[in-house]
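Going by our numbering, the sequence shown opens with residue 2, and the numbers climb by one from there.
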Amino acid sequence: MAAAGTTKALGDSLNQESTSGAEIIPLQPRPRIYTRSEHPISRKFIADSALKVLYRLNKAGYRALLVGGSVRDLLLGHQPKDFDVATDALPEQVRELFRNCRLIGRRFRLAHVQFGSEIIEVATFRAAHDGDTDGAAMTDDGRILRDNVYGTLDDDVWRRDFTVNALYYDIANFSIVDYVGGVEDLKANRLRLLGDPEKRFREDPVRMLRAVRFATKLGFEIDAATLAPINRLRHLLNDIAPARLFDEILKLFHGGFGRASFEILRKYGLFHCLCPLTDQSLEGNEGAFVQQLLTAAFDNTDRRIADGKPVTPAFLFAALLWQSMEDEAAANVANGLNLLDAIQLAADTVISKQVARIAIPRRFSNITREIWVLQPRLVKRTAKRAPRLMEHPRFRAAYDFLLLRAQAGEPIQEAADWWTQFIEADDPSRSKLLEAAPPDAARPTRRRRRRGGSGRNRTPAPVTDG
Ligand code: ATP
Ligand code: MG
Numbered sequence: 002m003a004a005a006g007t008t009k010a011l012g013d014s015l016n017q018e019s020t021s022g023a024e025i026i027p028l029q030p031r032p033r034i035y036t037r038s039e040h041p042i043s044r045k046f047i048a049d050s051a052l053k054v055l056y057r058l059n060k061a062g063y064r065a066l067l068v069g070g071s072v073r074d075l076l077l078g079h080q081p082k083d084f085d086v087a088t089d090a091l092p093e094q095v096r097e098l099f100r101n102c103r104l105i106g107r108r109f110r111l112a113h114v115q116f117g118s119e120i121i122e123v124a125t126f127r128a129a130h131d132g133d134t135d136g137a138a139m140t141d142d143g144r145i146l147r148d149n150v151y152g153t154l155d156d157d158v159w160r161r162d163f164t165v166n167a168l169y170y171d172i173a174n175f176s177i178v179d180y181v182g183g184v185e186d187l188k189a190n191r192l193r194l195l196g197d198p199e200k201r202f203r204e205d206p207v208r209m210l211r212a213v214r215f216a217t218k219l220g221f222e223i224d225a226a227t228l229a230p231i232n233r234l235r236h237l238l239n240d241i242a243p244a245r246l247f248d249e250i251l252k253l254f255h256g257g258f259g260r261a262s263f264e265i266l267r268k269y270g271l272f273h274c275l276c277p278l279t280d281q282s283l284e285g286n287e288g289a290f291v292q293q294l295l296t297a298a299f300d301n302t303d304r305r306i307a308d309g310k311p312v313t314p315a316f317l318f319a320a321l322l323w324q325s326m327e328d329e330a331a332a333n334v335a336n337g338l339n340l341l342d343a344i345q346l347a348a349d350t351v352i353s354k355q356v357a358r359i360a361i362p363r364r365f366s367n368i369t370r371e372i373w374v375l376q377p378r379l380v381k382r383t384a385k386r387a388p389r390l391m392e393h394p395r396f397r398a399a400y401d402f403l404l405l406r407a408q409a410g411e412p413i414q415e416a417a418d419w420w421t422q423f424i425e426a427d428d429p430s431r432s433k434l435l436e437a438a439p440p441d442a443a444r445p446t447r448r449r450r451r452r453g454g455s456g457r458n459r460t461p462a463p464v465t466d467g
């Protein structure tokens with residue numbers, strides 16, 4: 002989040018008064034230059050690898066500037082995630098300068114310069130185009146398919162998405178180049194799309210998701226003009242490749258602000274385009290429960306990221322699709338399938354529907370499936386099987402998921418507590434707990450969800466706990 006202090010520091014160091022929030026700043030045909038003494042970015046905050054790339058390009062006679070998230074984050078006093086470089090050198094010319102360099106991308110040709118596990122992305126300045134130029138391509142409805150028309154810095158700025166992402170740090174004189182009022186917008190905590198928002202969203206509908214991501218991550222307000230067309234255009238996300246949406250959803254949900262991103266995506270009707278099944282279950286009879294489960298899942302993920310612990314999309318998708326899977330499994334049981342087959346089949350059904358929108362790689366969806374299949378076994382926790390269950394490679398994830406379900410109000414708290422004790426117990430205490438565990442052939446009990454409070458709206462037992 003952009004702390005007020007950070008913004009103030011930026012304002013102070015730029016030695017300017019802060020502007021009022023609502024004001025729209027006209028786009029500048031000429032850049033405003035902030036010289037080194039007028040901005041707070043020091044080279045000691047820039048990664049050595051990025052400096053090496055900038056200096057070498059510059060020495061070879063090319064323009065070399067940091068651009069995008071790194072300049073934005075440095076101005077806010079945050080540590081950048083990565084460093085992107087913009088230059089007038091062509092990709093092939095960049096490759097000639099660096100041994101450790103690979104050219105990638107068709108839609109957008111780039112040079113990657115590798116330093117150990119770090120990659121500095123070097124992009125040649127691009128020019129705006131209407132699609133019928135060599136190197137460019139657009140669909141009939143204005144979506145950019147290929148963007149390889151090279152240009153100058155003056156051109157490059159206009160193809161950027163938000164004003165705060167269109168700032169450049171010039172290694173030639175350590176100044177900030179701002180054509181678009183991005184520095185003012187940073188100070189005002191304002192996220193504003195460059196140019197005509199409708200046209201820009203049509204060119205690339207993923208910008209709608211990027212708007213949500215930056216607004217939550219930076220704690221910025223999305224400008225009214227930028228927000229306005231989203232309602233009308235969100236369906237365009239249906240045309241985006243599911244693999245690209247998977248990348249975006251990871252950035253949204255695994256960026257440390259998953260819960261806030263989820264809430265804003267819902268607020269603007271974008272969530273439905275990404276996870277239609279989940280959206281339906283949020284609107285359905287079990288909506289309050291699903292809301293609680295997802296809130297708990299996002300909070301859990303955000304907390305793990307803050308603590309530097311690993312996270313997996315398998316876990317989030319287990320939560321996102323849990324209610325849909327349960328509904329399907331209940332229908333399968335009603336049709337005569339045994340519980341395990343019912344869950345397996347339900348998992349196939351909901352995962353394949355979800356994958357049509359977001360391409361969850363199989364290595365993750367397989368884990369989601371395992372987490373689900375383990376749920377009824379964890380709830381049963383029979384004396385004979387419990388110790389072996391703990392050896393299962395997905396035990397930990399399935400146990401964490403069981404805790405989430407209990408937290409969201411499913412009547413499985415007893416099982417969750419039993420496992421918590423069992424995991425923490427020494428051998429003698431474990432034997433005691435096993436004596437108290439249900440015998441192997443325990444009859445399934447019908448369970449009801451403790452939620453809804455008044456007793457109205459209570460629903461039949463979740464099938465997977467039988
Ligand atoms: P992060 O901190 O998440 O890396 P970022 O702003 O660096 O944020 P990237 O996705 O790394 O975001 O992109 C780098 C820059 O490229 C952006 O700041 C923006 O200027 C430009 N850019 C990236 N994606 C788009 C897009 N879809 N449309 C227009 N410009 C884009
Ligand atoms: Mg970046």
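Even glycine gets a Cβ: it sits at the ideal position worked out from N, Cα and C.
- In its chain, beyond the 5 residues on either side, Leu322, Ser325, Val351, Lys354 and Gln355 have a beta carbon closer than 7 Å to the beta carbon of leucine 278.
- A Cβ closer than 7 Å to some heavy atom of the ligand MG marks a residue here, and those residues are Gly69, Gly70, Ser71, Lys82, Asp83 and Asp85.
- At least one heavy atom of the ligand ATP sits closer than 7 Å to the Cβ of asparagine 166.
- The ligand ATP approaches aspartate 162 closely enough that one of its heavy atoms is under 7 Å from the residue's Cβ.
- Of all C-beta pairs linking the segment 197–211 to the segment 90–109, fewer than three are shorter than 8 Å, placing the two stretches out of contact.
- Between the C-alpha atoms of valine 464 and alanine 347 there is a straight-line separation of about 12 Å.
- Three or more beta-carbon pairs separated by less than 8 Å link the segment 108–119 to the segment 75–95, which places the two stretches in contact.
- In the three-state scheme derived from DSSP, where H, G and I count as helix and E and B as strand, serine 430 is classed as helix.
- Annotated three-state conformation of leucine 111 is strand, per DSSP.
- With fewer than 16 other Cβ atoms from the protein chains shown falling within 10 Å of its own Cβ, leucine 146 counts as exposed.
- Beta-bridge analysis with DSSP links valine 86 to Leu67 and Val123.
- Taking a contact to require three or more Cβ pairs closer than 8 Å, the segment 239–256 and the segment 281–288 do not qualify as touching.
- Boundaries for cysteine 276: no alpha helix (DSSP H) harbours it, and the DSSP string shows neither H nor E there.
- Inclusion of phenylalanine 163 and arginine 193 in the CB contact set at 8 Å is warranted, their separation being smaller than that value.
- The ligand ATP approaches arginine 73 closely enough that one of its heavy atoms is under 7 Å from the residue's Cβ.
- Counting along the chain, the unbroken alpha helix (DSSP H) around isoleucine 372 starts and ends at 363–381.
- Ranking Asp427, Ile250 and Ile306 by CA distance to the CA of arginine 358 puts Ile250 first.
- The alpha helix (DSSP H) runs lying completely inside the segment 229–312 and spanning 4 residues or more are 231–234, 243–254, 259–268, 272–275, 277–284 and 288–307, given in chain order.
- Judged by beta-carbon spacing, valine 150 lies within the 8 Å limit of alanine 128, meaning their Cβ atoms are closer than that value.
- Taking C-beta separations shorter than 6 Å and ignoring five residues to either side along the sequence, the partners of leucine 187 in its chain run Leu76 and Val165, following chain order.
- The criterion of a C-beta distance shorter than 8 Å is not satisfied by isoleucine 265 and alanine 332.
- For tyrosine 400, the enclosing alpha helix (DSSP H) covers residues 396–408.
- Going by DSSP, tyrosine 35 is part of the beta strand (DSSP E) stretching over 33–35.
- Around phenylalanine 272, the same chain offers Phe263, Leu266, Thr279 and Asp280 as residues with beta carbons nearer than 8 Å, after the five sequence neighbours per side are excluded.
- For a cut-off of 8 Å, the C-beta gap from leucine 66 to valine 178 is around 7 Å, short enough to register as a contact.
- Rounded to whole angstroms, arginine 364 and glutamate 371 show a C-alpha spacing of 11 Å.
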